[in-house]
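*Asks:* Numbering (my numbering), first residue to last: 179 to 386.
Pasting a structure below so you can have a look.
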């Protein structure tokens, strides 16, 4: 089992001074390794079909509508599920020391989505975007594994960090996070994009 994690928005709390209003995170889960590999290969093939170079990154924010539609159409036949979580950073609703530091902020949001997804995770390899220091990546892995794993049940087997530009399925997680971020912002095209993969949605949660 493999799970891919990515986000949209930023961890800053100064919403009135340019920080994003929302922070959105998605977790894409493949229970079948062959299905995961097939989806990965399909995304690679799509680059050639679109005339893009092999290092082209499918990044929702940077891609035009034609590329977005092609990407969503390409991945829709494959067997995966996902969770999406939106944190509303409205200063009138969000408070607490855990949100004041970038690393504790990120850990807290990860706690929400992994606790929600726990029932669908077993002995999972989790792949995250390679951002932040190695120390932070190690601390995040230790935090999530410590939160979920027990002596009798291993929910998370291993955490691994890879550059999103080199991992097609982190790019898939980026697309899903970005779509739900647009949904939180009430963008007119958000629901159109969401419908492309809606049957794979296990849970969408917005808090507080």
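Yeah, the Cβ is synthetic: ideal placement off N, Cα and C, and Gly gets one too.
1. When DSSP builds the beta bridges, which residues end up paired with residue 263?
2. Just the C-alpha distance for residue 370 and residue 330, rounded to the nearest angstrom, thanks.
3. Candidates 193, 340 and 299: which alpha carbon is nearest residue 322's?
4. Roughly how far, in whole angstroms, is the beta-carbon of residue 313 from the beta-carbon of residue 237, given that I think they are within contact range, below 8 Å?
5. When you compare each of 258, 383 and 345 to residue 361 by their alpha carbons, which one comes out closest?
6. Taking Cβ positions, are residue 301 and residue 214 nearer each other than 8 Å?
7. Pull up the distance between the alpha-carbon of residue 199 and that of residue 356, whole angstroms please.
8. Report buried or exposed for residue 342, applying the criterion of at least 16 other Cβ atoms within 10 angstroms of its Cβ.
9. Please list, in chain order, all residues of the same chain as residue 248 whose beta carbon is under 7 Å from its beta carbon, the five residues on each side excluded.
10. Answer with buried or exposed for residue 375, where buried requires no fewer than 16 other C-beta atoms within 10 angstroms of its C-beta.
11. Counting Cβ pairs, one atom from each stretch, are 3 or more of them under 8 Å apart for the stretch 205-221 and the stretch 290-297?
12. Three-state secondary structure (DSSP) at residue 392?
*Replies:* The answer reads as follows:
1. Partner(s): 203 and 383.
2. Answer to the nearest angstrom: the Cα atoms are 43 Å apart.
3. Looking at the Cα atoms, 299 is the closest of the given residues.
4. Between residue 313 and residue 237, the beta carbon gap of about 26 Å keeps them out of contact (Cβ cut-off 8 Å).
5. The option with the nearest alpha carbon to residue 361 is 383.
6. Cβ atoms of residue 301 and residue 214: not closer than 8 Å.
7. Spanning the two alpha carbons is a distance of roughly 13 Å.
8. The residue in question, residue 342, is buried, as its Cβ has 16 or more Cβ neighbours within 10 Å.
9. Within the same chain, and ignoring the five residues on either side of residue 248 in sequence, the residues whose Cβ sits closer than 7 Å to its Cβ are 224 and 228.
10. Residue environment for residue 375: buried (at least 16 other C-beta atoms within 10 angstroms of its C-beta).
11. Yes: at least three Cβ pairs fall under 8 Å.
12. Outside the modelled stretch of the chain, which goes from 179 to 386, sits residue 392, for which no answer is possible.
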